[in-house]
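Chemist: Okay, handing you the structure first.
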Amino acid sequence: MTPNLKNLDLSFNLLTSIPPFKFESLEILQLHSNEITILELEEWATPKLRYLNLHNNSLISVPAFKSDSLELLGLQSNKIKKVEFDGQMTPNLKNVDLSDNLLTSVPAIRCDSLERFGLQGNLITSLEFEEWTTPKLRYLNLHNNSLISVPAFKSDSLEILLLQSNKISKVEFDGQMTPNLKNLDLSDNLLTSIPPLKFESLEILQLQSNEITFLELEEWATPKLRYLYLHNNSLISVPVFKSDSLEILLLQSNKISKVEFDGQMTPNLKNLDLSYNLLTSIPPLKLESLEILQLHSNEITILELEEWATPKLRYLYLHNNSLISVPAFKSDSLELLGLQSNKIKKVEFDGHMTPNLKNVDLSDNLLTSVPAIRCDSLERFGLQGNLITSLDLEEWTTPKLRYLNLHNNSLISVPAFKSDSLEILLLQSNKISKVEFDGQMTPNLKNLDLSYNLLTSIPAIKCDSLEILQLQGNKITSLELEEWATPKLRYLYLHNNSLISVPAFKSDSLEILFLHTNMITSVEFDRWATPRLTQLQLGFNFMTFLPEFKSDSLEILFLQSNKISKVEFDGQMTPSLKNLDLSYNLLTSIPAIKCDSLEILQLQSNEITSLDFEEWTTPKLRYLNLHNNSLISVPAFKSDSLEILLLQSNKISKVEFDGHMTPNLKNLDLSYNLLTSIPALKFESLEILQLQSNEITSLEFEEWATPLLRHLFLHNNSLISVPVFKSDSLEILYLHTNEITSVEFDGWATPNLREFDIGVNPSLKFPTAIVIGMKKLEKFLCQRGTLGPTLPSGLLEFQSNALKLVDLRNNRISRLQPGAIAGLVPDTTVHLNENEIIVLSEETFRPMLNILSMGDGVLDLSDNPILCDCEISWLVLNEKFLRSVSGKCHNGTEFNELNLSSLNACPRECPYQCINSLWLSLCTPGTVTHSNVDNCRSGELCCQPYIPKTTTMASSSIPGFFFVCGRKNYQVTLSKGGKPSQIGEWPWQAAIYDVKKQDVVCGGALIQEQWVLTAAHCVTIQGTDRPRTKKDLFVYLGKQHRANVEDDEYVQIRQVSHIFHHKDYSIQNYDSDIALLKLTTPSVLTERVQLICLPTKFDVSDENLQDGMHGWVAGWGYDGSDLLTAVLTDVQLPVISNRLCRRDTTYFTGDFSTTRTLTSNMFCAGHSRSTSPEDYRTVCPGDSGSPMVFLSNASHDSYWTVEGIVSHFFQKETCSLRRPGQYGVFTKVNRFTRWIDEVFDNL
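Counting from 1, one number per residue, gives the positions in the sequence shown under the UniProt record's numbering.
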């Protein structure tokens, strides 16, 4: 029927077997992620089949297959225990993957074409390679098995041999047997020593994370060895090693206390890492080729560098030691010297000794003063976090110094400093009370930060180059700006001071001026001259009226939280104004607003009683917020542009609204008013209507004309009946918490309804027919009703393949007849908790669990008085069913703790196999029973045969849930266009640091003291699903700044001991893009380092991830200018439904197939196409792995939960090119909580 079919994908289905395939043209067949247990391939006719993917099924053996064309066979993640494979049947097979199975041994492999063979993640204890015939095998992966020795192997072709994470304690390896071996990985084993290695071809040798105490390298013959990894062992000294080829030697995290190293023995060594050892001193180093030397995190107290001979040394890291002075050092090559976090009290440093030194970091020491610095090459100088009280900079000679950081010291005045090169001077968080600063001394200074000091006034500033001046957080009471000379000043921050008036600003360059949170009572704008000012913030002051202000450039004016009672505003004076915020004032009325550019007007939380819109002229107004005022009626308003009108929390009792007057209105909020009825609404554009929390008793929908209405909220009213709904567009209908006793379902037609909530009503007749007609229903909620005591058969017959939630909690249900709930799908969550169910009838619940156990579905039966007696033996005998049920028995036993031993007294048939009791060792633990099994004979027992996988349990148990999560010291006050976060604002944020790139590459979330949650693509090798080497990654906690040199003492750094990414992670579509990192040592919980809560309640997660709900993301990714952010930056984003995400993505790409990869494990977030470009925010490259968190509520005991992980973006443009309607895609964490628990339990 399809003679030209080349690619057939049947993955992620429910297949258990496959009939004979007969496709002459088929080249690629994907059958992975099904439930296939056996394949009969003898009758297949697929002469061109090249790729066959069968991974993630339930195969127990390798199927026999004859094919002249097959090149790749993927069998990973099955249950294969035995391999009988004949390479002659597949003469062109190049790649076989049998990883993550149950193999204990592998027979002789004979395959002339085989190039790659994956056997990692099995139970293999030994291999007999002598009889293998694989002349082209280049790559053999045996990591994470149970090998105790390196098998002898003869191969002229082998280039890569991976043996890490086994139990190898002894190495007997002859390199002449593998003359082309280039990469040998023996890391994470039990080696204590290594015999002489003789490999002519070896380039990379990984021996890290063993127990090696010493090495005898004299007899090694490895003439091409370039990389030698010995970190995280038990070496107590640096081994003597002669090698002309060695370039990188990593010895960090050993127990080395003494160094005797002869550089002439390794003439090409470029990188030597001795960090995290026990060194107290370093002898003279003579290494002609050395470029990078890492000695940080030791106990070094002194260095004698005079006799060093390291003519190419560029980077010297000495931070986190016990140095008390800066060592004298002569080097023509040195560019970076890291001395932060020592105990240095005195600096005697001669720049002539290091003529190319560019970066010196002396932060977090005990310096009280700094002598004259003379260094012609110095560009960055970090002195923050010391005890410096004064600086004498007149004698400094640093002609290239661009960056000087003095923040968090004890300076009481701004030091006089002459520098033609200085661009950034940071002096925040000192004790400066007086400024005497001459800009002519620093003609290129661009950024001056004097925030959070003790300044009460600022003298005339004269600096031709200054662009950013930060004076916030002082005690400034007045400003004299007349004599300022700052012709390039663009950003001036004066917020959080004590200003009572604002002087005349005159600046041709000023763009942003922050004056909020002062004590300003009035502003005289008539003397201002700021032709480029675009944003002016005057909120949180004491102004009583809005003065006139003429500005052609002003776009944003914030005046919220003042005491303004009168507005006199002429929009013609501000022809570019887009956003005006007058919320939280004392306004009782608003005059006619005439402003052609205004798009956003915020008037909420005033005392406005009426509005006269007839004379308004606001042709571009899109958003009008009038909530929390004293309006008693909906004002008549004519606007072709208005899209959002918020009128909630007024005193409106009557609505007379003509949709023709606002033809583009999309969102109307009339909630929390005094409405008792709603007239016929006719809005062609309306999408969201919020009428909840009024006193509405009835509705007449027949005459409504709202063809685009998607969300209708009518909950918490006084409705006693529900009329017939007919709407092709309606997606969400909330009717809960009314007084509904009947529903008219004849003629009901809502074919696109996704969420229907009719809970908390005294419903007498259940709307069964309505449910049957909802073909796209995702959530059905009828909690806290009176459905009990018996749910009759046929009550709920769902017809939707998208059903996610059925909530029937707290309905006094004691019994369900068979078929009472039908039409579930594998990922549905059914809440029957808080009812009165006593017996779990197999006839009723087995059909439900048959479906739910196929996916991530859950049957929640918690808080029911269920008797766990013989009646539930059918449940206990099915492990898959138990995994899909939550709750506990009446006696307190959790369902997941039930086992057959508790039901031995119950007669039943053996559900597994009756076998001789002598074979007890072959039974799966927890499935064994000896008595009361009707069909087993005397001397037999009933169990499920299985060879258990060897696991090693941790010496201490996984911590429980007794800790507090999701809390921080303060809440949010308020990554393209994100805002810098406050230090400690997101205490669970982790930074994933790439040791090779020397930079933060991803974010993560601390979920337990020793566990970090992140994205799988962050910790796998690019373009593959193979995990990276754990030593390539560090995790930083409590971090704010990207640059490590700016970290303070509260930042915690941890190495990674284990990397786990989800077995279903797909590099093609990013499905299951989730991973866990286990830290080598637990973090210490502080004010800056806290845990984030995992989602534990499905209803809460569902509510958080509703369309339009807002969450927060923080990260170190790129900003809107395509530059990496210097500090942790946060952004608030709304959740976007997958439907809208697909629609808008297709709009941008023009390709319907783009979003086919969007699965139920993902959700989208970002700003919709209706958002203005100025208000658009998004996540960007570099934010990957960061958590998207949601606040539970606004009360004092609120907590934060991680619901998402930044995963990917459908469009590949740079961040600056992204536009509203282009969304970020996030991994949905609540889909993987069970996997997280399994990882915790299995380690």
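Every residue, glycine too, gets a C-beta built ideally from N, C-alpha and C.
Could you please give the first and the last residue of the uninterrupted beta strand (DSSP E) stretch that includes Tyr734?
Modeler: 732 to 734
Chemist: Considering Met1162, what are the terminal residues of the beta strand (DSSP E) in which it resides?
Modeler: 1162 to 1165
Chemist: On a Cα-Cα basis, can you pick out the residue from Cys965, Glu1103, Asp596 that is closest to Ser1198?
Modeler: Cys965
Chemist: Could you tell me whether the Cβ atoms of Leu481 and Pro459 are closer together than 8 Å?
Modeler: no
Chemist: Going by DSSP in three states, Pro1173 sits in which element: helix, strand or coil?
Modeler: In this structure, Pro1173 counts as helix in the three-state DSSP scheme.
Chemist: Could you compute how far the alpha carbon of Asp1241 sits from the alpha carbon of Trp1235?
Modeler: 10 Å
Chemist: According to DSSP, is Gln783 helix, strand or coil?
Modeler: For Gln783, the three-state secondary structure derived from DSSP is coil.
Chemist: At which residues does the alpha helix (DSSP H) containing Pro679 begin and terminate?
Modeler: It is not in any alpha helix (DSSP H) - Pro679 carries neither H nor E in the DSSP assignment.
Chemist: Going along the chain, which residues of its own chain have a beta-carbon closer than 6 Å to the beta-carbon of Pro196, five neighbours each way excluded?
Modeler: Glu219, Trp220
Chemist: Have a look at Ala680, Lys682, Gln648, Thr662 and flag the residue whose alpha-carbon is nearest the alpha-carbon of Glu691.
Modeler: The amino acid at residue 691 is misidentified as Glu; the sequence shows Leu. Leu691 has its Cα closest to that of Gln648, out of Ala680, Lys682, Gln648, Thr662.
Chemist: With a CB to CB cut of under 8 Å and the five nearest residues on each side skipped, what residues in its chain are close to Gln1010?
Modeler: Lys1078, Leu1079, Thr1081, Pro1082, Ser1083
Chemist: For Gln252, does the three-state DSSP call read helix, strand or coil?
Modeler: The answer is coil: DSSP assigns Gln252 none of H, G, I, E or B.
Chemist: Would DSSP call Trp1200 helix, strand or coil?
Modeler: strand
Chemist: Using DSSP's beta-bridge definition, name the partner residues of Tyr493.
Modeler: DSSP, once it has assigned bridges, lists Gln470, Phe514 as partnering Tyr493.
Chemist: Just checking, does the stretch 1026 to 1040 make contact with the stretch 384 to 395 on the three C-beta pairs under 8 Å criterion?
Modeler: no
Chemist: Identify the continuous alpha helix (DSSP H) that holds Ser873 and give its terminal residues.
Modeler: Per DSSP, the continuous alpha helix (DSSP H) segment holding Ser873 begins and ends at 873 to 876.
Chemist: Checking 8 Å against the spacing of the C-beta atoms, do residue 1244 and Val1135 come in under that value?
Modeler: This structure does not reach residue 1244, given that the chain is present from 1 up to 1243, and the question cannot be answered.
Chemist: Check whether the Cβ atoms of Leu14 and Glu35 lie closer than 8 Å to each other.
Modeler: yes
Chemist: Opposite Leu52 in the DSSP bridges: which residues?
Modeler: Leu29, Leu73
Chemist: Can you find the residues in the same chain that come closer than 8 Å, C-beta to C-beta, to Phe962, ignoring five residues on each side of it along the sequence?
Modeler: Confidence at Phe962 is low in this model, with a pLDDT of 34, below 50, so the placement of that residue should be treated as unreliable; the coordinate-derived value is given next. Taken in chain order, the list of residues that qualify is empty.
Chemist: If I measure Cβ to Cβ from Thr952 and keep anything under 8 Å in the same chain, skipping five residues before and after, which residues do I get?
Modeler: The predicted position of Thr952 is uncertain, since its pLDDT is 24 and thus under 50; a value taken from the coordinates is nonetheless stated next. Same-chain partners within the cutoff: there are none.
Chemist: How about Ile863 and Trp986: are their beta carbons less than 8 Å apart?
Modeler: For the sequence presented, residue 863 should be read as Asp rather than Ile. No, the pair does not count as a contact, with Cβ atoms beyond the cut-off.
Chemist: Could you please give the first and the last residue of the uninterrupted beta strand (DSSP E) stretch that includes Cys1141?
Modeler: No beta strand (DSSP E) contains Cys1141, which is instead part of the alpha helix (DSSP H) from 1138 to 1149.
Chemist: With respect to the beta strand (DSSP E) encompassing Thr1014, which residues constitute its N-terminal and C-terminal limits?
Modeler: Following the DSSP letters along the chain, one finds Thr1014 inside the beta strand (DSSP E) bounded by residues 1011 to 1014.
Chemist: What are the residues that DSSP puts in a beta bridge with Val83?
Modeler: Looking at the DSSP assignment, Val83 forms no beta bridge with any residue, so it has no partner.
Chemist: With a 10 Å radius around its C-beta and 16 neighbouring C-beta atoms as the bar for buried, classify His890 as buried or exposed.
Modeler: With fewer than 16 other Cβ atoms inside 10 Å of its own Cβ, His890 counts as exposed.
Chemist: Quick check: the Cα distance between Arg1143 and Val1113, rounded to an integer number of angstroms?
Modeler: C-alpha separation (whole angstroms): 24 Å.
Chemist: Below 6 Å CB to CB, which residues in the same chain sit around Leu362 once its five sequence neighbours on both sides are set aside?
Modeler: Excluding positions up to five away in sequence, the list reads Leu339, Leu383.
Chemist: Compute the Euclidean distance between the alpha carbons of Thr1201 and Ser209, then round it to the nearest angstrom.
Modeler: The alpha-carbon atoms of Thr1201 and Ser209 are separated by roughly 35 Å.
Chemist: What whole-angstrom Cβ distance do Ile256 and Ser237 have, given they're in contact under 8 Å?
Modeler: 6 Å
Chemist: Would you mind reading off the limits of the alpha helix (DSSP H) that contains Arg116?
Modeler: From DSSP, Arg116 is part of no alpha helix (DSSP H) but of the beta strand (DSSP E) over 116 to 118.
Chemist: Can you give me the C-alpha to C-alpha distance between Ile38 and Leu59, rounded to a whole angstrom?
Modeler: Straight-line Cα distance between these residues: approximately 6 Å.
Chemist: Straight-line CA distance for Phe1163 to Lys1228?
Modeler: 6 Å
Chemist: Anyone know if the C-beta pair for Leu494 and Leu466 falls short of 8 Å?
Modeler: no
Chemist: If you follow the alpha helix (DSSP H) that Ala769 is in, where does it begin and where does it stop?
Modeler: First-last of the alpha helix (DSSP H) with Ala769: 768 to 772.
Chemist: So for Glu843, helix, strand or coil by DSSP?
Modeler: helix
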